[in-house]
Amino acid sequence: MNNSSVSNTRTTFRERATSATWATNPVLVAYIVYMLCLTAAVVL
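Numbering (the working numbering), first residue to last: 422 to 465.
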């Protein structure tokens, strides 16, 4: 039960951090997505 609680807390924290990143650094997020797309294009 404790493990589930910890996992849920970590997930929530990650979601909050991601939301904060989207809100405060849209350029950084766009850059990361762009790099992921480039990587996928190279791999595929």
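All residues carry an ideal CB built from backbone N, CA and C; glycine is no exception.
Handout entry: Rounded separation between residue 452 and residue 445 - CA only
Key = 14 Å
Handout entry: N-terminal and C-terminal residue of the alpha helix (DSSP H) that residue 457 is part of
Key = 447 to 464
Handout entry: Between the CA atoms of residue 437 and residue 462 - distance to the nearest angstrom
Key = 29 Å
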